[in-house]
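Visitor: Quick one: the structure is below, questions incoming.
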Amino acid sequence: MSPAGARGRLDVNIKQKSFRAASGGKLHVLGELVFSLRSGEVAALVGPSGCGKTTLLRIVAGLDRDFDGHVAFPADGRLAMVFQEPRLLPWRTVEQNVRLAAPRASDAGLEMLFQTLGLNAHRHHYPAELSLGLARRVALARAFAVEPDLLLLDEPFVSLDDALAARLREELAELVNRRPIATLLV
C-alpha cells in the first residue's frame, strides 16, 4: 500500500478527446491537457458550458476511457464523485444512500458528516422529501463517507440560491480541510 500522500496523487495527460458527431465527423472536445494534483490541493476548472469540463471529470473518474492519453491514480486510492444531479436512490433513506457508498463507515464518522452538513434531522427521510439543497448535501455526505483520496465535484452547487451555495461551499471547505484530499472542482 502506498503512503497516504501518494494515494491522493493524480496525474493527467490527455492528448485529445473527441466524440462522433451525428454527421459522422469528429467533434473535438478536449485538446492537450496536462496537470497533476496532490493530496491537500484543490483545483478548479472554469470555462463556458460545453467546453469539456464534465467530460474531463468523467475521464479522471474512469467513466470514459475513449480518449488519447492517460490518467494515473493509484489503484489503492479512493475516489468519490459528486455529480451535477444528486443521484440518490429514491427507495432509500438519506442514511441508507450514504451507507450504500460506505458500508463500513463508522457511526461516529457519519454523525460528524451529518452534523457538519445539517442532515441529522433528515437521516430517515427519503429523497422525495428533500429540497434540492438537502439532496445536494446528501450527495456530499455520500462522497465524504468513503474518505476519498480524490474528490471530483461536477458543479455541485448549480441551481442553488447564492446564500445556500455559499453555505455549502463553506461546509465543503471545512470537510476538505479535515483530511488531505486532492479535490478537482468544476
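Sequence positions in the sequence shown follow the numbering used here and run -2 to 183.
The C-beta atom is built at its ideal place from N, Cα and C for all residues, glycine as well.
Please read these numbers as outputs of a predicted model, since none were measured by experiment.
Under 8 Å, with one C-beta from each stretch per pair, do the region 92 to 106 and the region 29 to 40 reach the 3-pair mark?
Guide: Segments in contact, no.
Visitor: Quick check: the Cα distance between A98 and A132, rounded to an integer number of angstroms?
Guide: Approximately 15 Å between the Cα atoms of the pair.
Visitor: Per DSSP, what are the beta-bridge partners of S15 in this structure?
Guide: Beta-bridge pairing links S15 to H25.
Visitor: From what residue to what residue does the alpha helix (DSSP H) around T180 run?
Guide: Run containing T180: none in the alpha helix (DSSP H); it sits in the beta strand (DSSP E), A179 to L182.
Visitor: Measuring alpha carbon to alpha carbon, tell me which of T51, S46 and A138 ends up nearest Q112.
Guide: Considering only alpha carbons, the answer is A138.
Visitor: D61 by DSSP, collapsed to three states: which one?
Guide: Three-state DSSP puts D61 in coil, outside helix and strand.
Visitor: Go ahead and pull the three-state DSSP assignment for D8.
Guide: Three-state DSSP puts D8 in a strand.
Visitor: Bridge partners of A41, per DSSP?
Guide: BP columns for A41 point to L182.
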